[in-house]
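Enquirer: A single structure is presented below for examination.
Protein chains: 2
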Amino acid sequence: MLGSLFSPDSVAVIGASRTPGKLGHAVLKNIVDCGFKGPVYPVNPAAREILGLRCYPDLDSIGERIDLAVIMIPAARVPEAVSDCARRGVKAVVVISAGFRETGHDGLVAEKEMARIASENNMALLGPNCLGLINTRTPLNASFAGAMPLKGNISLMSQSGALCTAILDMSFERKLGFSSFVSLGNKAQLNEVDFLDYWSNDPDTKVVLAYLEGISDGGKFMKAARTFTRKKPLIAIKAGVTNAGSKAVSSHTGSLAGSERAYEAAFKQAGVIRAESVADLFDMASSLVNQPLPGNDQIAVVTNAGGPGIMATDAIERAGLRLANLSQETMKRLAAELPGAASVINPVDVLGDALAERYRLALDALIDDRNVGAIIVILTPQIMTQVEETARVVASRSEKQAKTILACFMGKPHVEAGIRILNDNRVPNYAIPERAVISLKAMVCQKKRQERPKRRITRITIPRKPIKEVFDGARERGQLEIGETGAQKVLEACGIPTPASRLCRTPDEAVKFAEDIGYPVVLKIASPDILHKTDIGGVKTGVTGSQEVRDSFDLLVLRTLRYMPDVEIWGCLVQKQVEGGTETILGMNRDPQFGPLIMFGLGGIYVEALKDVAFRIAPLSRRDARQMIEEIRSSRLLYGVRGRPRSDIDALEDAILRISQLVTDFPEIVELDINRLVVFPEGQGVTGLDMRMVITGQ
Amino acid sequence: MLGSLFSPDSVAVIGASRTPGKLGHAVLKNIVDCGFKGPVYPVNPAAREILGLRCYPDLDSIGERIDLAVIMIPAARVPEAVSDCARRGVKAVVVISAGFRETGHDGLVAEKEMARIASENNMALLGPNCLGLINTRTPLNASFAGAMPLKGNISLMSQSGALCTAILDMSFERKLGFSSFVSLGNKAQLNEVDFLDYWSNDPDTKVVLAYLEGISDGGKFMKAARTFTRKKPLIAIKAGVTNAGSKAVSSHTGSLAGSERAYEAAFKQAGVIRAESVADLFDMASSLVNQPLPGNDQIAVVTNAGGPGIMATDAIERAGLRLANLSQETMKRLAAELPGAASVINPVDVLGDALAERYRLALDALIDDRNVGAIIVILTPQIMTQVEETARVVASRSEKQAKTILACFMGKPHVEAGIRILNDNRVPNYAIPERAVISLKAMVCQKKRQERPKRRITRITIPRKPIKEVFDGARERGQLEIGETGAQKVLEACGIPTPASRLCRTPDEAVKFAEDIGYPVVLKIASPDILHKTDIGGVKTGVTGSQEVRDSFDLLVLRTLRYMPDVEIWGCLVQKQVEGGTETILGMNRDPQFGPLIMFGLGGIYVEALKDVAFRIAPLSRRDARQMIEEIRSSRLLYGVRGRPRSDIDALEDAILRISQLVTDFPEIVELDINRLVVFPEGQGVTGLDMRMVITGQ
């Protein structure tokens, strides 16, 4: 379907205009000027000829096959035009006209109607309310952009048309070439997923850049992005990160989740490289499209100036990359070949008076060193510096693409000629070392992404029946929040241990059970009407003898009746008191875009005050679960620190996977908090305490 | 002294050369070409005339007054030349020659010798091993830089000469003008402090940029920077942040401190704005030198494109600034004047088809709004966009300097003409909104810095005698680590409460004291030979009765003797057991550069696993102490969270100030840890437990 959009045999321009300055003129002119090779049919009932082309009053009068139609007429008439296209067998339409979803309800209805027509007729529809699209290979410029981009291997999609124009304008200075350029507009039909799928198999696209404000379908996006990033890098800006506007929620997980956390998790899981600005997009794209991926995350720096070398080192460490440890052999070789004052330890300082030859010696040695994954070549223009000569040396060393080489020729007038040579030879140049490092970071991420073994979702069988029963029982009582007794059953069904406990109707029953399981025990008032037991003093911990069990039983019942005389009281829940272990929190909140967002963190103060938690979107792989545990800042506490034993990480990982499975199997679970999930020392498992859940009404 | 360096009446060039390409030629040519108005005397025994100037065999033969001498002869002969200069009454010398400290011990000796000569003769000395210096007002270019910078109000000092050349080269593109340009070199005599002091009173310098790798004297730097930043912004890159290379230390504070933490604290306390890259330097300088400081931290955005508006919003929140809440009046005015589809809520979207007039309407409304502290004007080049016209509107609104206005015209060929107009009218333009926001952040910091009331060091009188006694006693025993008993005395002398405790020699004595102070108590083995009691099981906590006191006393003594039969045992320390409160850690480590670096954080896991601590350099003001408490991520725990009471913050602040005073009064304290300083609920004070200290031998 997208083939006809990017490489149509013929194009009709509905709303072509004779008046320069009008969109209908600009788009037609772009199509003609870009060198499109097929027939172009302007459609405008009021004109006979535009830009030397015969103009048609309507589609029907064209009488030839039409592959692509570009529509730029007033919004009210667009749906009819789309209908006409469908009837005439047009394969793809680009609706540039605005005035739809963005204007309110009527616009949204019209937009949906035209998407329906397109889909029913197997016709691709881009827009409405967009800038159009460009393909530099066809070539086709079906947009009102002010220029045609340079030819290259980057494809871009943007939800902001204006940003497209700005990026296009900036790309000339950076000498970045594009394969295709797509303004997504309102995404009535085609959206980011369709283009990712298409570019995944497009040999002309090596890197995709995206500017996204929202994603149409989180699940489909993750699937498409996963497949795509396994082959090629996808660099995305997700704008609107801070106006999370989280709704009022009752769970810890809910209050810490929110759309930004969900996007962050989704991008991480799908291997999408996140850019924070247009500068990031450009910087990362220039290296990814021009240089091979680094062999490892160890970076070597060669420089003719100490200062910028130190700055590169600082940036490398800040980015979480490593300054390469040069091999003994490399250092010996450098020491033999460079002057005595040079530094042969990374960063390699070839000294201020270095001519091109010294750069060559250093570069050759670093390229041969297997420890080195990538090289940054820094040059500052000093009096004797051979800028162009050095650029040629760097270019020649990059030619074999044996190792990632990025340049940082610092300056402007004095280094311009050198930068031109670098650009012409696919060596990206960065104004400052910090920007080269940002690009290397993206490359290393992509490398790791491509090497990551294919993810395997861990399937765990969870019995449906006992859980269904709990949910149905709660619904029958008109409750959508599942209380402790029910939650405990659910946890047990999931295979997550909970402390031995029993609902005891009398003090005698309570004493008997307590003696069976052993002291200390906890008593909790059991009533279908009370969810927050602690708030009314309905919990007694640390009960250590039979008389105390009796006293506590009576106290809890009496106290509850005093506050709430009319509640139904079942008795008391007697529970083995859990001692020792590390308290964690495990929860889920359903994100409107991406679905079940799982949260993990250490309990108590860590989640409340420090918000030290990790998020992932379910279903999870074992690797996802492990990463969540390792990602929190306080994870060291689980791995054993200063006398604390190492926790049972395997059991914790297993519990996370089981909750992932639970919320995947039961979409009716809206939110869930196990606060506290106690993790015992290695080999001793976990225990789930105080679980809360909210389910849907049906 | 620096007057003669920047604006000499005459200049001698020692080591002037006839050969183009040589330093001695380049520097002389720069002095001549820059238009220096006084006499220039090349010195070279082998030449008669260079560049049309009469050449002298030596200084003596010049026979005229020489203000400044620039020296570029081989290192071995430099000290003698400096001597000659001193003898001839030269007021300032710039030593460009390299081959000193950076080559090893002999070089360092020669360097110190020449600094001594200069200082004794009241002569200013810049370098050695530097690029030289430039002043655009004099004008004077006594450097081998490849060009003269544009004239302006920025002064720069850099410890990397090569970075100077790169910055200079880049500055042309950014149209940044300089007042002076100094390459610091090895800083044998003149260093960053001298230049800060000079520029503080230099009317031509409005902003100072610095690239520093190390600071010569931390205390002097802080003093100079404090004075300077109260008047003008100082933006500094501190390179080499990651190779902390912390030495082996035994205290918590020591292990978390390190030069990077000290620099961070020093910069914060002295109001220095930290830049992370040369790009930051440029971006921040362009706004600080051209625009007034913002009235507040509320930022308004006006844009013709939604996407970049959202990106600006994201950046504003990330930077800790605020998106301005426009007044009702402003919104009404915008609603009346802009088209219906425009957004009158910040970011103000004037829509893609906005002409210059719409920008004018929006800008005027925002300038009149008192809520707005600064404005970012974003423009993307769309077909109808009036780039130059809009630039002129922005320029005219900026002219009155009534409000901070930064521009972000995004693109290259299509916006270039507009950017030129902005530049010519002192409106800095940023390629992407994120960079404008970084600059605004720096401006807001500077504004706050200038408004900050003058800092007052809180002086607390601490009695010297009892503390001296403890130190002397320890030294007499040959111990430089002060044990618990001594530390408790020191704390008490400082006015920090410690739990009631007494050294008891017998079980009877211990029982008596325990009954006096009340249970529970802690018993600790007391021996001058044992510092780490816990390690040998020499502590018993939670002792609640007389028999238990007796048993514990015997147990501790017997256990100690079993492990260490030969130690001297004084008895047991009986101490009131502290219950409740929040555990914090307060410590000090002496930084080689900045002196006493005070650390504060929550105790236990927070400091060990999360490293959640704040640093400041003593002596502290009350504001410093308060900021340390507020700065840690876990500070919420002290201010009361989820049922926890608010801690006694005033008492904690007071304790921090007392420790600051202690380490200021006693420079012999090398490191100190109060781990744990227990903070009780409001009004109930603090208690210092488990203090350790290391002192110097004398």
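Line by line, the protein sequences are chains A and B. Here the first sequence stands for residues 1 to 698, where the numbers follow my numbering. Here the second sequence stands for residues 1001 to 1698, where the numbers follow my numbering. All residues carry an ideal CB built from backbone N, CA and C; glycine is no exception. Since we're looking at a predicted model, the values are computed, not measured.
Any chance the segment 298-317 of chain A sits against the segment 447-455 of chain A, with 3 or more Cβ pairs inside 8 angstroms?
Expert: no
Enquirer: What is the DSSP secondary structure of Ile-345(A), counted as helix, strand or coil?
Expert: coil
Enquirer: So that I know if they touch, is there some Cβ in chain B lying closer than 9 angstroms to that of Thr-380(A)?
Expert: yes
Enquirer: What are the boundary residues of the beta strand (DSSP E) that Ile-669(A) is part of?
Expert: Element bounds for Ile-669(A): 669-679.
Enquirer: Nearest chain A C-beta to Gly-1571(B) closer than 9 angstroms, yes or no?
Expert: no
Enquirer: Looking at chain A, is there any beta carbon in it that lies within less than 9 angstroms of the beta carbon of Phe-1144(B)?
Expert: yes
Enquirer: Ser-1183(B) and Gly-1132(B) - do their beta-carbons sit closer together than 9 angstroms?
Expert: yes
Enquirer: Leu-561(A): buried (16+ other C-beta within 10 angstroms of its C-beta) or exposed?
Expert: Under this definition Leu-561(A) is an exposed residue.
Enquirer: In the DSSP assignment, the beta strand (DSSP E) including Arg-692(A) goes from what residue to what residue?
Expert: Counting along the chain, the beta strand (DSSP E) containing Arg-692(A) begins and ends at 691-695.
Enquirer: Can you tell me whether Ile-617(A) is buried or exposed? The criterion is at least 16 other CB atoms within 10 Å of its CB, across all chains shown.
Expert: buried
Enquirer: Please list, in chain order, all residues of the same chain as Phe-1221(B) whose beta carbon is under 7 angstroms from its beta carbon, the five residues on each side excluded.
Expert: Excluding sequence neighbours, Phe-1221(B) sits near Glu-1192, Val-1193, Ile-1215.
Enquirer: Val-1427(B) and Ile-1405(B) look like a contact to me (Cβ under 8 angstroms); what is the Cβ gap, rounded to whole Å?
Expert: 6 angstroms
Enquirer: For the beta strand (DSSP E) holding Asp-472(A), just list the boundary residues, first then last.
Expert: Taken as a continuous stretch (DSSP letters only), Asp-472(A) belongs to no beta strand (DSSP E), being part of the alpha helix (DSSP H) at 464-476.
Enquirer: Can you tell which of Glu-1080(B), Leu-1028(B), Leu-1190(B), Lys-1029(B) has its C-alpha closest to the C-alpha of Ala-1002(B)?
Expert: Rather than Ala, the amino acid found at residue 1002(B) in this sequence is Leu. Out of Glu-1080(B), Leu-1028(B), Leu-1190(B), Lys-1029(B), Leu-1190(B) has the C-alpha closest to the C-alpha of Leu-1002(B).
Enquirer: Hey, Lys-465(A) and Pro-292(A): beta-carbon distance below 9 angstroms or not?
Expert: no
Enquirer: For a quick check, are the C-beta atoms of Ala-1225(B) and Phe-1181(B) less than 9 angstroms apart?
Expert: Taking 9 angstroms as the Cβ cut-off, Ala-1225(B) and Phe-1181(B) do not qualify as a contacting pair.
Enquirer: Anyone know if the C-beta pair for Met-114(A) and Val-90(A) falls short of 9 angstroms?
Expert: no
Enquirer: On the criterion of 16 or more Cβ atoms from any shown chain inside 10 Å, does Ala-1262(B) qualify as buried, or is it exposed?
Expert: buried
Enquirer: Expressed to the nearest angstrom, what Euclidean distance is found between the alpha-carbon atoms of Val-249(A) and Ile-598(A)?
Expert: For Val-249(A), the pLDDT reaches just 43, beneath the cut-off of 50, and the residue's location in the model is therefore unreliable, although a value from the coordinates is still provided. If I take the Cα positions, the gap works out to 15 angstroms.
Enquirer: Give me the Cα-Cα distance between Asp-217(A) and Arg-1633(B), rounded to the nearest whole angstrom.
Expert: 36 angstroms
Enquirer: Distance, Cα to Cα, Asp-1297(B) vs Val-1444(B)?
Expert: If I take the Cα positions, the gap works out to 6 angstroms.
Enquirer: Around the Cβ of His-414(A), are there at least 16 other Cβ atoms within 10 angstroms (buried) or fewer (exposed)?
Expert: Residue environment: His-414(A) is assigned as buried (16 or more neighbouring CB atoms within 10 Å of its CB, all protein chains considered).
Enquirer: In three-state terms, what does DSSP make of Gly-1298(B)?
Expert: Here residue 1298(B) turns out to be Gln, not Gly, going by the sequence shown. Correct three-state label for Gln-1298(B): strand.
Enquirer: Pull the bridge partners of Glu-481(A) from the DSSP assignment, please.
Expert: Val-694(A)
Enquirer: Is it buried or exposed for Thr-1582(B), if we count other Cβ within 10 angstroms and need 16 for buried?
Expert: buried
Enquirer: Where in the segment 1533-1569 of chain B do unbroken runs of the beta strand (DSSP E), each at least 3 residues long, occur, reported from the N-terminal end onward?
Expert: 1539-1543
Enquirer: How many Å lie between Asp-349(A) and Arg-370(A) at the Cα?
Expert: Each residue's Cα considered, the two are about 20 angstroms apart.
Enquirer: Under 9 angstroms between C-beta atoms, does Leu-1304(B) make it to chain A?
Expert: Note that residue 1304(B) corresponds to Asn in the displayed sequence, not to Leu. Closer than 9 angstroms: yes.
Enquirer: When you compare only the Cα positions, how much space is there between Ala-625(A) and Leu-638(A)?
Expert: Rounded to the nearest angstrom, the two C-alpha atoms are 14 angstroms apart.
Enquirer: Given a limit of 8 angstroms on CB to CB distance, which residues of the segment 1151-1165 of chain B reach chain A?
Expert: Ser-1158, Gln-1159, Ser-1160, Gly-1161, Ala-1162, Leu-1163, Thr-1165
Enquirer: Among residues of its own chain, excluding the 5 on either side of Leu-1351(B), which ones have a beta-carbon nearer than 7 angstroms to its beta-carbon?
Expert: Asn-1304, Pro-1339, Ala-1341, Ala-1342
Enquirer: Tell me the start and end of each unbroken beta strand (DSSP E) in the segment 599-636 of chain A that is at least 3 residues and wholly inside, in chain order.
Expert: With a minimum length of 3 residues, the continuous beta strand (DSSP E) runs that stay inside the segment 599-636 of chain A are 613-617.
Enquirer: Residues of chain A with a CB under 8 angstroms from the CB of Ile-1605(B): which are they?
Expert: Going along chain A in sequence order, the residues near Ile-1605(B) (Cβ under 8 angstroms) are Ser-634, Leu-637, Val-641.
Enquirer: Among Gly-1177(B), Gln-1382(B), Ala-1354(B), which has the Cα closest to the Cα of Ser-1287(B)?
Expert: Gly-1177(B)
Enquirer: By the three-class DSSP mapping on this structure, what secondary structure does Ile-1050(B) have?
Expert: strand
Enquirer: Given that Pro-1126(B) touches chain A, what residues does it touch there, using C-beta distances under 9 angstroms?
Expert: The residue you asked about is not Pro; residue 1126(B) is Leu in the sequence shown. Near Leu-1126(B) there are no residues of chain A at all, since even the closest Cβ is about 17 angstroms away, more than 9 angstroms.
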